[in-house]
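Novice: This is the structure I have questions about; it appears just below.
Number of protein chains: 2
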Amino acid sequence: MEPKILSAVSRSTLKRLPLYLHVLEDLHRRGVVYVSCTTIARKFDFGPILVRKDLEVTGAAGKAKIGFRVAGLIDDIKKFLGWHNVQDAFLVGAGNLGKALLGYQDFDSYGLNIVAVFDNDPRKIGTRIFNKEVLALDKLAPLVKRMHINIGIVAVSSEGAQAVVDALVAAGIRAVWNFAPAPLEIPEGVILENARLTQSLAVLTNKLKSLLAGPEKE
Amino acid sequence: MEPKILSAVSRSTLKRLPLYLHVLEDLHRRGVVYVSCTTIARKFDFGPILVRKDLEVTGAAGKAKIGFRVAGLIDDIKKFLGWHNVQDAFLVGAGNLGKALLGYQDFDSYGLNIVAVFDNDPRKIGTRIFNKEVLALDKLAPLVKRMHINIGIVAVSSEGAQAVVDALVAAGIRAVWNFAPAPLEIPEGVILENARLTQSLAVLTNKLKSLLAGPEKE
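Protein sequences appear in the order of chains L and H. Each residue of the first sequence is one higher than the one before, starting from 13 at the first, in my numbering. Each residue of the second sequence is one higher than the one before, starting from 13 at the first, in my numbering.
Right, dumping it as structure tokens:
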């Protein structure tokens with residue numbers, strides 16, 4: 013089951029905010045000081061009214077005819093997304109995907125800092141990946157408690173994913189970012205977010221199939 | 013701009029099909045021969061009617077009271093998604109994310125085979141990652157044509173992403189799977205699918221922030 017979290021902000025809005033952030037950071041780098049919703053909307057296939065409504069949820073305040081201060085808007089979005097204070101996270105799975113996530117330094121900008129990695133493969137335990145030691149899975153629970161870790165990242169195969177999630181939840185993790193393709197069950201009060209690469213790939217390959225088959229009939 | 017491809021099948025349906033596939037493959041491994049929409053739906057927070065409507069688009073035919081043959085349904089979904097025949101793809105970007113994608117052997121099961129990797133960093137060109145040589149970017153266009161490659165995967169930073177996409181499109185690529193967080197422009201007739209890790213992370217961190225702040229007010 014997907015978790016049911018009461019929230020006034022739609023998932024669609026949450027997913028558009030990082031897109032605005034990238035546009036804004038690009039403007040900021042180029043020395044632009046003020047920006048309007050119309051300018052932001054130009055990068056997308058939706059209009060300025062939706063941009064304005066999305067930005068309102070962050071509490072950002074624009075000025076009539078001038079627009080938003082770029083630097084302030086970046087701050088407001090980051091605060092709203094919880095990216096202002098970096099959260100420590102544990103990663104489970106030291107395979108290729110796990111290695112990649114450990115090596116992806118950009119997560120820092122998105123409020124995420126992977127502080128430890130766990131695996132149950134004796135050949136991996138004790139080795140180092142990007143200067144982080146791979147720890148045995150039975151170290152997970154005591155360390156979650158001692159280090160007050162809230163986020164667990166699951167980068168194991170589909171077969172092992174539910175057991176890992178259960179262990180994370182039992183250890184006191186509050187939010188799970190899952191990279192395994194299998195559907196997972198999570199208790200109420202814990203957040204489950206799926207980073208579903210295979211779903212994105214499904215859209216791509218199906219569209220490509222249709223495109224290569226020629227124009228679709230009405 | 014996101015590409016506008018006419019399609020009778022919704023993006024939501026396309027994104028649910030891989031989830032059904034995982035449930036079905038699990039049942040298949042456990043020797044289950046027939047399955048009903050009700051059984052599949054039990055794994056999700058939506059009902060059997062939606063499952064039935066989703067499965068109908070693949071052309072799969074179930075029998076009253078018996079349901080679908082598991083093996084046949086797996087085949088039908090894979091064919092519909094274009095995962096039955098593996099497509100060769102080029103990857104641009106030999107950084108950490110690129111390395112991870114190269115190492116993620118599971119893509120084979122999802123119809124994707126990364127056959128070559130490109131980068132413009134002279135220190136990377138000529139090195140090997142998972143037994144694939146990193147090629148210079150100027151080799152991209154002639155190889156796309158010679159090898160009839162349809163899919164390009166973009167695993168570069170946001171700053172360089174648009175230039176890479178333009179090069180892929182100019183070379184004749186028909187579908188781009190983008191891992192850069194920046195919004196990209198693509199001409200009509202070429203598919204752009206964004207695998208947006210930062211968007212998924214935004215949902216996670218915002219929900220966690222709300223959760224840690226305590227119960228929300230109505």
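We put the beta carbon where it would ideally sit given N, CA and C, even for glycine.
Comparing alpha-carbon positions, which option in H:21, H:47, H:60 lies nearest residue 86 of chain H?
Specialist: The residue with the shortest Cα to Cα distance from residue 86 of chain H is H:47.
Novice: What residue from L:223, L:132, L:211, L:123 has the CA that sits closest to residue 26 of chain H's CA?
Specialist: Nearest of L:223, L:132, L:211, L:123 to residue 26 of chain H, Cα basis: L:211.
Novice: With DSSP as the reference, identify every bridge partner of residue 188 of chain H, one or two as the case may be.
Specialist: H:164, H:204.
Novice: Would you list, in chain order, the members of the segment 28–51 of chain L that have their beta-carbon closer than 7 Å to a beta-carbon of chain H?
Specialist: The residues in question are 29, 30, 31, 34, 35.
Novice: Please specify which runs of the alpha helix (DSSP H), each continuous and at least 4 residues long, are wholly inside the segment 104–183 of chain L, giving them in chain order.
Specialist: Counting whole runs of 4 or more residues, the segment 104–183 of chain L contains the alpha helix (DSSP H) stretches 108–115, 152–159, 170–183.
Novice: Below 7 Å on C-beta distance, what does residue 123 of chain L contact in chain H?
Specialist: Within 7 Å Cβ-Cβ: 217.
Novice: Where does residue 42 of chain H fall in DSSP's three states?
Specialist: Correct three-state label for residue 42 of chain H: coil.
Novice: In angstroms with no decimal places, state the Cα-to-Cα distance between residue 112 of chain H and residue 216 of chain H.
Specialist: Answer to the nearest angstrom: the Cα atoms are 22 Å apart.
Novice: Note down, in chain order, every chain H residue with its Cβ under 7 Å from the Cβ of residue 210 of chain L.
Specialist: Near residue 210 of chain L (Cβ distances below 7 Å), the residues of chain H are 30, 122.
Novice: Mind the definition here: the segment 122–138 of chain L touches the segment 124–131 of chain H only if three or more C-beta pairs lie below 8 Å; say whether that holds.
Specialist: In short, these stretches do not touch, since the Cβ pair count stays below three.
Novice: Using DSSP with H/G/I as helix, E/B as strand and the rest coil, what is residue 77 of chain H?
Specialist: Coil.
Novice: Output needed for residue 206 of chain H: all residues of its chain with C-beta closer than 7 Å, excluding positions within five of it in sequence on either side, in chain order.
Specialist: Same-chain partners within the cutoff: 190.
Novice: Using a Cβ-Cβ cut-off of 7 Å (strictly less than) and excluding sequence neighbours within five positions of residue 17 of chain H, which residues of its own chain qualify?
Specialist: Confidence at residue 17 of chain H is low in this model, with a pLDDT of 41, below 50, so its placement is unreliable and no value can be given for it.
Novice: How should residue 31 of chain H be labelled, buried or exposed, when 16 other C-beta atoms within 10 angstroms of its C-beta is the threshold for buried?
Specialist: Buried.
Novice: Beta carbon of residue 104 of chain L, beta carbon of residue 130 of chain L: below 8 Å?
Specialist: Yes, the Cβ-Cβ distance between residue 104 of chain L and residue 130 of chain L is below 8 Å.
Novice: Can you check DSSP and say which residues form a bridge with residue 102 of chain L?
Specialist: Answer is L:128, L:164, bridged to residue 102 of chain L.
Novice: For residue 171 of chain L, which option in L:188, L:195, L:156 has the closest C-alpha, if you only look at C-alpha atoms?
Specialist: Minimum Cα distance to residue 171 of chain L is reached at L:195.
Novice: For chain L, find out if any of its Cβ atoms is closer than 8 Å to the Cβ of residue 213 of chain H; answer yes or no.
Specialist: Cβ-Cβ to chain L under 8 Å: yes for residue 213 of chain H.
Novice: What does a CB cutoff of less than 6 Å around residue 60 of chain H pick up in its chain, not counting 5 residues either side in sequence?
Specialist: Result list for residue 60 of chain H: 49, 50, 53, in chain order.
Novice: Interface residues of chain H around residue 205 of chain L at Cβ under 7 Å?
Specialist: Going along chain H in sequence order, the residues near residue 205 of chain L (Cβ under 7 Å) are 212, 215, 216.
Novice: Counting only beta-carbon atoms, is residue 22 of chain L nearer than 8 Å to chain H?
Specialist: No, no contact with chain H.
Novice: Measuring CB to CB, does residue 182 of chain L end up less than 8 Å from residue 153 of chain L?
Specialist: Yes.
Novice: Which of the three DSSP states is assigned to residue 47 of chain H in this structure?
Specialist: Strand.
Novice: Using 10 angstroms around the beta-carbon of residue 156 of chain L, count the other beta-carbons present and answer buried if the total reaches 16, otherwise exposed.
Specialist: Buried.
Novice: Using beta-carbon positions only, say whether residue 148 of chain L and residue 169 of chain L come within less than 8 Å of one another.
Specialist: It is not a contact, given that the beta carbons lie outside the stated cut-off.
Novice: For residue 89 of chain L, does the three-state DSSP call read helix, strand or coil?
Specialist: Helix.
Novice: I think residue 35 of chain H touches residue 69 of chain H, with their Cβ atoms under 8 Å apart; what is that distance to the nearest whole Å?
Specialist: 17 Å between Cβ atoms; not a contact.
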